[in-house]
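Protein chains: 2
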Amino acid sequence: MSFAPTSSTWAATTIDALRGAGFRTGGARRAVIELLARQTCCLSAQEIWDGLRRESRPVGIASVYRVLEVLADLKLVQRLDVGGGVARYEPMLPSGDHHHHLVCDDCGKVEAFSDEPLEDALRDLGDQAGYDVDAHDVVLRGSCGDCRV
Amino acid sequence: MSFAPTSSTWAATTIDALRGAGFRTGGARRAVIELLARQTCCLSAQEIWDGLRRESRPVGIASVYRVLEVLADLKLVQRLDVGGGVARYEPMLPSGDHHHHLVCDDCGKVEAFSDEPLEDALRDLGDQAGYDVDAHDVVLRGSCGDCRV
DNA sequence: TGCGAAAATGATAGCGAGTCTCATAACTGC
DNA sequence: GCAGTTATGAGACTCGCTATCATTTTCGCA
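Protein sequences appear in the order of chains A and B. Going by the numbering used here, the residue at position 40 of the first sequence is 40; the numbering climbs one at a time, nothing skipped. Counting the second sequence from 1 gives a position; the numbering used here is that position plus 1000.
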């Protein structure tokens, strides 16, 4: 169980990828990307909006969603649902490394984990089913060590 | 890859479990349970509401959500997110058998699959992380055979 | 460096899933 | 049957997210 936190190069890579795809780079886009680059796990759009506002870099909520949509389409961020009707987003590293999530139903905490055998099993399954799988989410729910006491 | 469809005994078991937990059995509750029992894969609350309406068994949308909430709390149905901001529900069989989902991002189709090695891997992971896991969702996204042509 | 076309941004209205409230209807034990 | 309690349904409401559109910003090009 391990996960290398997002390096600061992700921001640069992402902005390059956007320009390569013909997008211009406005302030909102850069602000969202730079905030995401500093995170180690998933954030909701609201959390991103709050974070930017707290750093005195206010951005329209619509822009936050737009940036996230573009980034998700280009597979530069992963969008995932951990329940509660709120989508969460996190950087996708160019290395292809990624992780999945443990969600505590009691306190709402979200933790990351990664596991290579699990990835292998998932890859095989997609092939087997005739699907061209380009993303997979694994969410384990339960009570974390703290809440179970 | 296999999945035994929900048997009609699930409805009876579920109603018994509700009564055992001190709930009464009104018409809406029974209608939702009986409709769910006939499904082989997950349904959204709206689809359940539409289905009941189509069988001339109209039920308030609030009741549908209430029934689903109670059933999910008692672990008689599994609630899962396959994206799109809509929760889906499906019966949890007493045998403990369950399955996961392949979602086609193009046509929205949802298919079920199950895989024992995957279950083992997930069980091990939960233990390893110190979590008391009581549910897990695995969602593979991509293009299905039909859409990829 | 300055211009203009085209894209990005932000405020706000709109949409839809899901929840809350409360008066009414139905169930259950007696 | 009756009374007490629970379930139900209509509709108002919340909130995450999207669509719209006027304004601002970016960037190729002279």
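Quick reminder that beta carbons are idealized off the backbone N, C-alpha and C, glycines included. For clarity, every value in this text was computed on a predicted model and none was experimentally measured.
Asked	Found
Cutting at 7 Å between CB atoms, please list the residues of its own chain near B:V1149, excluding the five before and the five after it.	none
On the CB-based measure, 16 or more other CB atoms within 10 Å of its CB, does B:V1086 come out buried or exposed?	exposed
Looking only at its chain, what residues have a beta carbon closer than 7 Å to the beta carbon of A:G126, apart from the 5 residues adjacent to it on each side?	V133
Taking Cβ positions, are A:C42 and A:R88 nearer each other than 8 Å?	yes
Do we get a CB-CB distance below 8 Å when we pair A:A129 with the residues of chain B?	yes
Report the three-state DSSP secondary structure of A:D81 (helix, strand or coil).	strand
Taking C-beta to C-beta, are B:L993 and A:L122 nearer than 8 Å?	Here chain B has residues from 1001 to 1149 only, and residue 993 of chain B is not among them.
Since B:L1102 is in the alpha helix (DSSP H), which residue starts that stretch and which ends it?	Unbroken run through B:L1102 is the beta strand (DSSP E), 1100 to 1104; no alpha helix (DSSP H).
If you follow the alpha helix (DSSP H) that B:L1068 is part of, which residue opens it and which one closes it?	1061 to 1073
Using a Cβ cut-off of 8 Å, pull out every chain A residue sitting near B:A1121, in sequence order please.	D115, P117, L118, A121
Which whole runs of the alpha helix (DSSP H) in the segment 4 to 37 of chain A are 4 residues long or more, in chain order?	9 to 20, 27 to 37
Against B:G1085, what residues of chain A qualify as contacts under a CB-to-CB distance less than 7 Å, listed in chain order?	G85
Since B:V1059 and B:A1021 should fall inside the 8 Å C-beta cutoff, what is the C-beta to C-beta distance between them, to a whole number of angstroms?	The pair is not a contact, with the Cβ atoms about 21 Å apart (cut-off 8 Å).
Does A:V139 have its Cβ less than 8 Å from a Cβ in chain B?	yes
Please classify B:P1094: does DSSP put it in a helix, a strand, or coil?	coil
Name, please, each residue of chain B whose Cβ falls closer than 9 Å to the Cβ of A:A112.	By Cβ distance, chain B contributes nothing, its closest Cβ being about 10 Å from A:A112, past 9 Å.
How about A:V133: is its C-beta nearer than 8 Å to some C-beta of chain B?	yes
Do you know offhand how far B:G1083's Cα is from A:D81's?	7 Å
Can B:H1100 and B:Q1078 be called in contact, C-beta distance under 8 Å?	no
Verify the CB distance criterion: does A:L68 have a CB-CB separation below 8 Å to chain B?	no
Could you check where the beta strand (DSSP E) with A:D132 kicks off and where it finishes?	132 to 143
For B:R1054, does the count of other Cβ atoms within 10 angstroms reach 16, so buried, or fall short, so exposed?	exposed
Of the residues A:L18, A:Q128, A:V138, which one's Cα is nearest the Cα of A:V67?	A:L18
Return the CA-CA distance between A:H136 and B:V1138, expressed in angstroms with no decimal places.	7 Å
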